[in-house]
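Down below is the structure, laid out as structure tokens.
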Amino acid sequence: MRAILTCVTQQHDEQLLLLAAIVCCVGIYATSAIASHAARSEGSVRRKWGLVSIVAGGCTAWATHMIALLAFRPGMAAGFEPILTAASLLLVISGIGLGVALSIGSHRRQRRFLAGVIIGLGVTALHYVGQSSYRVTGHVAWDMSVVPPSIIISLGLSGLALTLAGERDRFVRRLAAPLLLLSIVILHLGGMTAMTLTFDPAVPLPTSAIAPSTIAPVIAAVSFGLLTLAFLGLRMTLNARAQMRRDRERLRELASVALEGLAVCDGEHVTAANRSLEQLSGMSQAELIACSITRLLPGLVVSDLPEQEEREAELVGADGQFVPVRVLRKTVSLGHKRQTVIAFRDQRERLRSEARLRSLAFTDTVTGLPNRAQFGDLLAHRVALREQAGGFAVLMLDLDRFKFVNDTLGHAMGDELLRKVAARLRSVLAAGDVVARLGGDEFAILLLDSAAVSAPEAVAAQLVSVIDRAFLLEGQLIHVGVSVGIAVGRQDGLQADDLMRHADLALYKAKADGRGTYRLFEPALATRMLMRSRLEADMRRALNDGEFELHYQPLVDAKTGEVTTAEALVRWRHPEHGLIPPADFIPLAEETGLIAQLGAWVLGTACTHAAGWPSTIKVAVNLSPVQFRDDGLPELVASTLKASGLAADRLELEITEGVMLDDEARTLALLTKLKAVGVSLAMDDFGTGYSSLSYLRRFPFSKIKIDRSFIRMLPEDSESAAIVRAIITMGACLGMATTVEGVETAEQYDFVAAERCDQIQGYHVSRPLPFADFLTFLNPPKMAA
Ligand code: C2E
Ligand code: CA
Ligand code: CA
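Under the numbering used here, the residues of the sequence shown are numbered 834 to 1618, in order.
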């Protein structure tokens, strides 16, 4: 170290040394400014400026070295060997070129270090080849204890300088140039110090050696060239900065009007953000700029995002709150720099409305319970988990008289009732069980609670009993019941659909068994269902094959005992099962819609038959409520009458009270139209349904048929007697005739006749008779005397 210092202070011309340092600095600046410009440019311009910066780098090293050599005062005549001098310049340019080529585009530190070492080697070659071109009148000796260490240190520093030059951190990057300078200085001073010159007049300078005074202008010219380049570089840098400022300003203006949050990033660092991002994150511009993008978007490697493709992400805003966003990355050139712009689109509103839609799609709006879709999902999920999660049961529920409440008391009350039903169902179940409303008055339950699953019938019984209690709705007590079908999910291989179907079949059975009860699914039910569907097919066939027939039951005048009317009652003469009563097939015909065809056949046949009877005898035909839903009914009746030739006043249509429960205005209109055709209307089975006086008064019935259930206990039962008496009186007051059905005994006959009903029907008079027998009944053959 001492030697180096002595060398610097005693053997050198300080002013020239200073000049060397200045040329070196200017050269390094020119080189790096030109290199930056090359980096900002593209294509051939980039290559051109790249080459210029390499040559400038080489010239810098060379000129520095040469000026430093000139500054050396060997104390004897000295000169430069021209070829070696030129070779030293070429070597250093090649070394730098090689190093730069190696380091271009490399993010790997080792590679940059290697490039630095190669550049250092170029400089070393420059130095020692240059040194050997330095000729004096004397001998040159090298102190080898100085040369290798100074070379090694210099190479290390040069490698380090290039490594740092490629780092992201700007501060670290700035250390590169001084380090490179230091590496050159150490190499040069080390080399100079190690060299000892001994004057020997016997060693002349070679004739080819160029005097320092001759080479000085060359060096000056090169230095001047470097200076020019430095100015050029400076101008280009300033231009680039101005361009960058303008671009940034433009971007900021654009960003400030953008609805989306925008952040401009230089690598990991946020360099700018717009108002929207401030609002989105709840952070100020300054806070955002202090942030790295990974802090804002943890779990997302921004540089890995494909451009132009949105990604879901979570923005971590102030106070660490998460904001769902979609992000889009785009690389833009800002000035000559490539920067990343990240756009943030707020997803909160979209997610909220999606959630709202989802919950709407999966819940029943009236009760807030899961709907059919969600129940299906939950059940399917449970079925899939069966192995691990143990047993469960599916319950299907159907309210028994809901339609009546809904139709008579209005939909608002109906909805209120559904909510109350839902609450009561819930009250019976465990927290983990699921209640859903499938639609209308249908509910479904997924029993998961293990105690409940082991005894689903006990739960069903409880459900039936809570719903059986009256509901209080706007001051009215309302009774509905519920029927329940149960399917247990124990069995393997059953899918959600199968379970729902099984529970449905069990429900069907519960309803068929009189409602207000529950039934457990059993395979026999499925068989029965199968039979039902066979029956349906069979019935269609029977209609075509003419297997239905009409029997007639006479109605007699209570005073005279004369037959006034005959009620047509349908039967099915089945080739295998014999005569089937209507109760066994009418409900199915109603469910399947076959009743329309069957009813039309009954009407036509009855009218045709009656047309052949004495004109004093009317025919009564039963109409199903299902037939009543068809607006074409009055036309059908009119055309049937016309086709059969029966006078309209000889046809009586029997309608049950159930019909009245449908849309009242429509029913009234239809009944009025029927009446206009000229037929008479009788209210059948009076007293069994929701019979009310108001119906009777409002609708154009000419006759009431008192249901046979009131007659069964006559004449002993005083309550039945009172009811029958009251209905007869009431009918008389409303100007309606009364028929008493189901009169089986002489006592009953005498009782009702005494009560002044108008007509009597029942086994006591006659059972329903096949057509031919009925004719015989009308005209009994004269007994042979
Ligand atoms: P309904 O209209 O009340 O018909 C009277 C039913 O009572 C008939 O049963 C008849 O056989 C029965 N009956 C008559 N007198 C007595 C009696 O003294 N004691 C007892 N215990 N029963 C008596 P049926 O023929 O089995 O008909 C049952 C129901 O089927 C009918 O009840 C009616 O609602 C329906 N129905 C019958 N034929 C038709 C039809 O052509 N169309 C429609 N839509 N329904 C029909
Ligand atoms: Ca009837
Ligand atoms: Ca009846």
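Heads up, the beta-carbon is just placed ideally off N, CA and C, and yes, glycines get one too. Please read all numbers here as calculations on a predicted model, not as lab measurements.
Would you mind giving the Cβ-Cβ distance between residue i and residue j, rounded to the nearest angstrom? I have them listed as a contact below 8 Å.
i, j, result
"E1577", "K1538", "Not really, about 16 Å apart at Cβ, beyond 8 Å."
"V1619", "G955", "Residue 1619 lies beyond the range of the chain shown here (834 to 1618); nothing can be said about it."
"L1338", "M1362", "6 Å"
"I1300", "V1254", "6 Å"
"L1507", "V1454", "The pair is not a contact, with the Cβ atoms about 12 Å apart (cut-off 8 Å)."
"G1150", "S1114", "4 Å"
"F1519", "I1560", "7 Å"
"L988", "G1023", "Rounded, the Cβ-Cβ distance is 12 Å, inconsistent with contact."
"A1401", "V1452", "6 Å"
"D1540", "T1562", "That belief does not hold up - the Cβ atoms of D1540 and T1562 are roughly 17 Å apart, past 8 Å."
So the candidates are the options; which of them puts its Cα closest to the Cα of residue i?
i, options, result
"A1288", "G1224, M1569 and L1368", "G1224"
"L1536", "T1562, A1570 and V1512", "The question names Leu, but residue 1536 is Lys in the sequence shown. For K1536, the nearest C-alpha among the options comes from A1570."
"E1290", "M1229, P1467 and E1468", "M1229"
"T893", "R1215, Q1207, A1053 and F1604", "A1053"
"N1204", "E914, R1270 and L1218", "R1270"
"Q1430", "L1251, T957 and G1379", "G1379"
"A1345", "R1367, V1317 and L1368", "V1317"
"T897", "S865, R1191, V1055 and L1529", "V1055"
"F1604", "R1144, T1441 and S1298", "T1441"
"R1068", "A1587, S1283, Y862 and V1492", "Y862"
"D1248", "L1262, P1420, V1435 and E1275", "E1275"
"H960", "T970, H972 and L902", "L902"
"P1415", "A1422, P1408, R1404 and L1421", "R1404"
"P1045", "P1139, M1546 and I900", "I900"
"V1297", "F1155, D1233 and M1546", "D1233"
"G999", "S966, A872 and L884", "A872"
"L1567", "R1530, E1552 and L1602", "R1530"
"A1443", "G1426, P1420, T1425 and T1398", "T1398"
"L1672", "R941, L1212 and R1367", "This structure cannot settle anything about residue 1672, because the visible part of the chain is limited to 834 through 1618."
"E1549", "F1534, A1565 and E1580", "E1580"
"R1181", "A1206, L851, L1251 and E1147", "E1147"
"A1073", "T1047, S1166 and P1034", "S1166"
Can you have a look at residue i and say buried or exposed, based on whether 16 or more other CB atoms are within 10 angstroms of its CB?
i, result
"V878", "exposed"
"H845", "buried"
"D1371", "buried"
"L838", "Because L838 carries a pLDDT of 49, less than 50, the predicted location of this residue cannot be relied on, and the following value inherits that uncertainty. So L838 counts as exposed."
"I1593", "buried"
"Q964", "buried"
"A1618", "Reliability of the predicted coordinates at A1618 is poor, the pLDDT of 46 falling under 50, and the value obtained from them is presented with this limitation in mind. Exposed is the call here."
"C1124", "buried"
"M1364", "exposed"
"D1002", "exposed"
"E975", "Note on identity: in this sequence residue 975 is Trp, with Glu being the wrong assignment. Exposed, since its Cβ has fewer than 16 Cβ neighbours within 10 Å."
"T864", "buried"
"V1435", "buried"
"K1392", "exposed"
"T1040", "exposed"
"Y1596", "exposed"
"G1273", "exposed"
"Y1351", "buried"
"M1025", "buried"
"P1601", "buried"
"K1342", "buried"
"L1244", "Note that residue 1244 corresponds to His in the displayed sequence, not to Leu. H1244 comes out exposed."
Which runs of the beta strand (DSSP E) fall wholly inside the region 1089-1170 and span at least 3 residues, in chain order? Along the region 1089-1170, the beta strand (DSSP E) occurs as fully enclosed runs of 3 or more residues at 1094-1099, 1102-1106, 1144-1149 and 1155-1167, listed in sequence order.
Sufficient close CB pairs (3 or more, under 8 Å) joining the region 1331-1344 to the region 1309-1321: Taking a contact to require three or more Cβ pairs closer than 8 Å, the region 1331-1344 and the region 1309-1321 qualify as touching.
In the region 1210-1277, which residue ranges form an unbroken beta strand (DSSP E) of at least 3 residues, counting only runs that do not cross its ends? Assignment of beta strand (DSSP E) within the region 1210-1277, counting only whole runs of 3 or more residues, yields 1226-1232 and 1267-1272 in chain order.
Would you check if there are 3 or more beta carbon pairs closer than 8 Å linking the region 890-906 to the region 851-871? Yes, they touch.
Run through the region 1554-1611 for me and flag every whole alpha helix (DSSP H) of 4 or more residues, listed as ranges in chain order. DSSP runs (the alpha helix (DSSP H)) wholly in the region 1554-1611: 1579-1587 and 1604-1611.
Pair every Cβ in the region 1120-1138 with every Cβ in the region 1152-1164, then say whether three or more of these pairs are closer than 8 Å. Inter-segment contact for the region 1120-1138 and the region 1152-1164 is present: three or more beta-carbon pairs are separated by less than 8 Å.
Contact between the region 1237-1244 and the region 1257-1265 is defined here as three or more beta-carbon pairs at a separation below 8 Å; is this criterion met? A contact between stretches requires three or more CB pairs, one per stretch, nearer than 8 Å, and the region 1237-1244 fails this requirement with the region 1257-1265.
For the region 1396-1435, which segments carrying the beta strand (DSSP E) assignment without a break, of at least 3 residues, lie completely within its bounds, in sequence order? Inside the region 1396-1435, DSSP marks whole beta strand (DSSP E) runs of 3 or more residues at positions 1396-1407 and 1411-1413, from first to last along the chain.
Unbroken stretches of the beta strand (DSSP E), 3 residues or longer, contained in the region 985-1014: Fully contained in the region 985-1014 is no beta strand (DSSP E) run of length 3 or more.
Is the region 1016-1025 touching the region 948-962, taking contact as three or more C-beta pairs under 8 Å? Three or more pairs of CB atoms, one per stretch, sit closer than 8 Å, so the region 1016-1025 contacts the region 948-962.
I'd like the ranges of any beta strand (DSSP E) spanning at least 3 consecutive residues and lying wholly in the region 926-986. 967-969 and 971-975, all fully within the region 926-986.
Any contact between the region 927-941 and the region 899-913? By contact I mean 3 or more CB pairs, one from each, below 8 Å. Per the Cβ contact rule, the region 927-941 is not in contact with the region 899-913 (fewer than 3 Cβ pairs under 8 Å).
Is the region 1606-1613 in contact with the region 1385-1404, if contact means three or more CB pairs nearer than 8 Å? Touching, yes, given that three or more Cβ pairs across the two stretches are closer than 8 Å.
Three or more C-beta pairs closer than 8 Å, one from the region 1108-1125 and one from the region 1188-1200: is that the case here? The answer is no - the region 1188-1200 does not touch the region 1108-1125, with fewer than three Cβ pairs under 8 Å.
What beta strand (DSSP E) runs, 3 residues minimum, are completely inside the region 1329-1391? Qualifying beta strand (DSSP E) stretches, in chain order: 1351-1353 and 1381-1390.
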